[in-house]
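First to last, the protein sequences are chains A and B. Be aware that the first sequence starts at 0, since it is given in numbering that gives the first Met the number 0, and climbs by one per residue. Be aware that the second sequence starts at 0, since it is given in numbering that gives the first Met the number 0, and climbs by one per residue. Ideal placement from N, C-alpha and C gives every residue a C-beta, glycine not left out. Model, not experiment: these values are computed from the prediction. The structure under discussion appears below in the form of structure tokens.
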Amino acid sequence: MITRIVKEPLVHFLLIGGLIFVSFSLFDDSPARPDAHQIVITQAELTALSVRFEDTWKRAPQPDELSAMTDDLVRERVLVNAALDLGMDQGDAVINRRLRQKMEFFAASIAEAIEPENAELETFYQAHAQDYQTPPQFALEQIYLGNRVTPEVASSALAALKTGTDPDQLRHPSLLPKQFDMTPMRALDSSFGTGFAASLDPLPIGEWAGPVRSGYGLHLVRLSDKSPATLPPLDQVAHRVLPDWQSAKRQEVMDQYYQTLRQGYEVILPSPDPAS
Amino acid sequence: MVGDGQLNALFPEGSPYSPYADRNFPERPLWGDSHLHTALSMDAGGFGNRLGLDEAYRFARGEQVTASSGQEVRLARPLDWLAITDHSDGLGLITDVLDSAPIVTQYEQGARWAEGFNAGGQTAVDATIDLIGTFSQGQMDPEMFANYSPGSRRYANIWGDVIDAAEQYNDPGSFTAFIGFEWTSLVKGGNMHRNVIFRDNGDRARQVVPFTTQEPIGSTDPLKLYEYLEGYEAKTNGAAMTFAHNGNLANGIMFPVDAQYTGREIDAFYVEQRAKWERMYEVTQIKGDGEAHPFLSPDDEFADYGTWDAGNLDLSVAKTDAMLAGEYAREALKNGLLLEERLGTNPYKFGQIGATDSHTSLPAIEEENFFGKHAGYEPSAERLQHAFMENENGALYAWQMVSSGLAAVWAQDNTRASLFDAMDRKEVYATTGPRMTVRFFGGYDFSDNDLRRRDVAAVGYSKGVPMGGDLNTPEDGQSPNFLIAALRDPIGANLDRIQVIKGWLDADGATHEKVYDVAWSDDRVAGADGKLPAVGSTVDVSSATWANTIGSAELITVWSDPDFDPNQRAFYYARVLEIPTPPWYLYDVVKFGVDLPEGAPTEQQERAYTTPIWYSPKG
């Protein structure tokens, strides 16, 4: 059991994520909580200002320009500090949304760093096989009998066919193609109406059978070939499976990360109002 | 004993023995929507669409998704292909505002809207109106907007996301995802919008970003859009095309005859460029049907379908009758003949398709499954009570949204290249939603014998040209004839009739049109006035149902033009009408138990419009 947990990369990442979280609060070497009335600008921040300036203007800032930018940064810090003191961040939907997003991006970035082991991808692939399999295909000939024929008439038409009657003598004129080469279910349903292809599945190969109902009426059908739903080898569809796995993984990590954090809080909801 | 001559007729020399070998024509039409918006479009996101590219593709290929209004929704049948065409101007701005991303909230406007959207309720609605108003008055903070315009890294990244999603969902053989965008040219409220789609994959499309309307990089002039397309093809060796929509909201400037809206004369250059790049036209969609207008076609009893003629796109200028000729497809087809006579090229020789232009990420335009123009009109008991647009110039009510349309493409394969090539040769048709199969071939040698075997495609392609084609020059005394067949939607309503619409140019340079009934159901006989009686109706208003006890599952005919003059330019297209069925809002009335809006009809006849086949005299 323990080995299973230790081998699970997700656990590693959550542990690492948890450690980062802890280390932020314990080992943060910036001044722990700066004096409320002290604004400290570091050399690194000034360098960042210069770099951003260069990105835009393709040259280093002049001393007076750097000084103006520094003044502006100070102004921002003063206003932000004062705003925080006044509690202006409280209940601000935009700020809440940004903080929430930052936490979610953090969890997502953990997930994106995970490479699936082959076995894990294979397991995911098998579990979601229905999303990747090639749909069943059928090759067939069909005789349209019309929309007002009774099943009895259809049965006697089928009997006649089996004793060698020319299909064209039984055929009700129709624009529907008489023959289909190997065609996916979806395309058959597009021509005949939803559900038609599924009703072909039990029919024998090489024999006239039916009647089968379409959106137009009744048909006799002779399958010449069919292929069941097949699951291609993983490497052929890995380009589709991998993004799906990643997106499932991201959701999983985000949920687990949330649950981990959630355990650290007691949530108090208002008790139901007895009057209502 | 069969004589040699008969044998040769049965087995023409050079033809393979197998009737199925060498059969390389398209077997079934591929259904799709060339015009869909996701939350990335400023107006779509602003009006509450929260569904992105993934949801749009998953929905189109048949999966169930949760709509922005929280309702589960699914198509009755998947689409075969889709082009997501988000507005290129401000692409992705709204999603960043909704995310309160610093790249927008660092600006006063962006922060204001982010706050408004996050507050929800009426405040969010006000923020939307503020945002759209600010954009349409050109009052956007230019620095903020620059991030959502060509030339910025953010814009290129968003375009990259659009391409990535198309690449991910494009599945050759079963579902095609086109890379594309909408160029949203609006001239004094006159709709000049056009969609652009690429034939190519992401490797080529990534070499450009979309064309916009904002100067100096963009422009509202279609001639500049053509330059962009020319530039794309030169740079990448790829191929692209464009197609316009909603001429009905252009207040006369969509299909100019004498001068462009800029005042520039319509000359040989304009008509050549337009013919080269504008390969199709979206003739029907939610914001109205633009095939024909009763003022322009007073003798056509079916011309008044889904008519939106109150004014321009934002209803800032009311419509006048004089504007209509520059707005409707049939009139454009006629004026195209005139311009070809005058300038040598027909600029209005377009394929006719339908599209949704839905802003909900959901191309849900089945009558019983209509999710509205934008997220504010997803199904609810209240949606019929609203005016869609209303001011001193007029009003359009919610029930007037048309639950339309789709494009059918006669392509051999379901791939970007095969579909694009079929669109390029205009082998396409429009429907208002139902998936009826329509074959339309023109030639000189069709006979009633060709109807018996129902081998319409084999005969049609061997003896004539399909929709989008040009008739050959006739021999003396020959009149063109047409092999026309229609099969109803396998899960839809029966057919009332097939009509052929002919337009022509006379020796005096005047254009004309005539509608012929060519095939119809129920053995009806035309009256003394030559008019075919109506097919009747089975619509039950109280339950919003109908029955296929009238009409015909298929109609097929060979029709010859009785009035052919080999010296006159002409076009012919087919219109196929279904029997009457309930419009989408009647399902609302039944499902929600609300009142039928005043003036709203309780039945309609859905239809298909093929692309024409054209005739030009030799020399």
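- When Cβ pairs closer than 8 Å are counted between the two stretches, the segment 461-479 of chain B is seen to touch the segment 432-444 of chain B, the count reaching three or more.
- Per DSSP, the continuous beta strand (DSSP E) segment holding S226 (chain A) begins and ends at 217-226.
- For G192 (chain A), the closest Cβ of chain B is nearer than 9 Å.
- Shown here, G189 (chain B) sits in a strand according to DSSP, grouped into three states.
- Within the segment 128-216 of chain A, the runs of alpha helix (DSSP H) at least 4 residues long that lie entirely inside it are, in chain order, 150-161, 166-169, 184-191.
- Among the residues facing chain A, I352 (chain B) is not included, as its CB has no counterpart in that chain under 9 Å away.
- Taking C-alpha positions only, S151 (chain B) is separated from I102 (chain B) by approximately 12 Å.
- Setting aside the 5 residues that flank it on each side, A274 (chain B) is surrounded in the same chain by T344, N345, P346, K348, each with a C-beta closer than 7 Å to its C-beta; the list follows chain order.
- Under DSSP, I83 (chain B) shares a beta bridge with B:L35.
- Across the set B:A518, B:H358, B:P378, the C-alpha of B:P378 shows the shortest separation from the C-alpha of G69 (chain B).
- Here R249 (chain A) carries a helix assignment [DSSP, helix/strand/coil].
- By the rule that beta-carbons nearer than 9 Å mark a contact, A92 (chain A) touches chain B.
- Listed in chain order, the non-local C-beta contacts of R170 (chain A) below 6 Å within the same chain comprise I142, local neighbours out to five positions each way being set aside.
- The secondary-structure analysis by DSSP pairs V437 (chain B) across a beta bridge with B:A485.
- Sixteen is the threshold: when 16 or more other Cβ atoms of the shown chains lie within 10 Å of the Cβ of E426 (chain B), as they do, the residue is buried.
- In this structure, I196 (chain B) and L39 (chain B) do not form a Cβ contact; the two beta carbons are roughly 16 Å apart against a cut-off of 8 Å.
- Here L395 (chain B) is actually not in contact with G432 (chain B); their C-beta atoms are around 20 Å apart, not less than 8 Å.
- Within the same chain, G441, W558 come within 6 Å of F481 (chain B) by CB-CB distance, once the 5 residues on both sides are set aside.
- Using beta-carbon distances, T609 (chain B) does not count as an interface residue toward chain A, since no partner is under 9 Å.
- Counting only unbroken stretches of 4 or more residues, the alpha helix (DSSP H) elements lying wholly within the segment 184-271 of chain B are 201-204, 221-235, in sequence order.
- Within the segment 480-497 of chain B, those residues whose Cβ lies closer than 7 Å to any Cβ of chain A are, in chain order, A484, L486, P489, I490.
- The CB of V455 (chain B) comes closer than 9 Å to the CB of L174 in chain A, given here in chain order.
- Interface criterion met: the Cβ of G216 (chain A) is under 9 Å from a Cβ in chain B.
- Taking 9 Å as the cut-off between beta carbons, the residues of the segment 542-573 of chain B near chain A are N547, A552, E553, I555, in sequence order.
- Contact of R434 (chain B) with chain A is assigned, a C-beta pair being separated by under 9 Å.
- For T229 (chain A), the number of other beta carbons within 10 angstroms of its own is below 16, and it is reported as exposed.
- If you draw a straight line from the Cα of V79 (chain A) to the Cα of H36 (chain A), it is about 12 Å long.
- The Cβ-Cβ distance between P210 (chain A) and L157 (chain A) falls below 9 Å.
- A residue is called buried once 16 or more other Cβ atoms fall within 10 Å of its Cβ, and F104 (chain A), having fewer, is exposed.
- At a beta-carbon threshold of 8 Å, the residues of chain B lying near A186 (chain A) are R27, ordered along the chain.
- Taking C-beta separations shorter than 6 Å and ignoring five residues to either side along the sequence, the partners of D560 (chain B) in its chain run S478, P479, following chain order.
- Counting only runs of at least 4 residues, the segment 76-124 of chain B fully encloses the following alpha helix (DSSP H) elements, listed from N- to C-terminal order: 92-97, 101-104, 107-118.
- Nearest C-alpha to Y215 (chain A) among B:A492, B:G508, B:P600, B:D594: B:A492.
- Here Y264 (chain A) is exposed, its C-beta having fewer than 16 other C-beta atoms within 10 Å.
- Interface annotation, Q262 (chain A): not in contact with chain B, CB-CB separation never under 9 Å.
- Here S315 (chain B) is near N392 (chain B), since their CB atoms are less than 9 Å apart.
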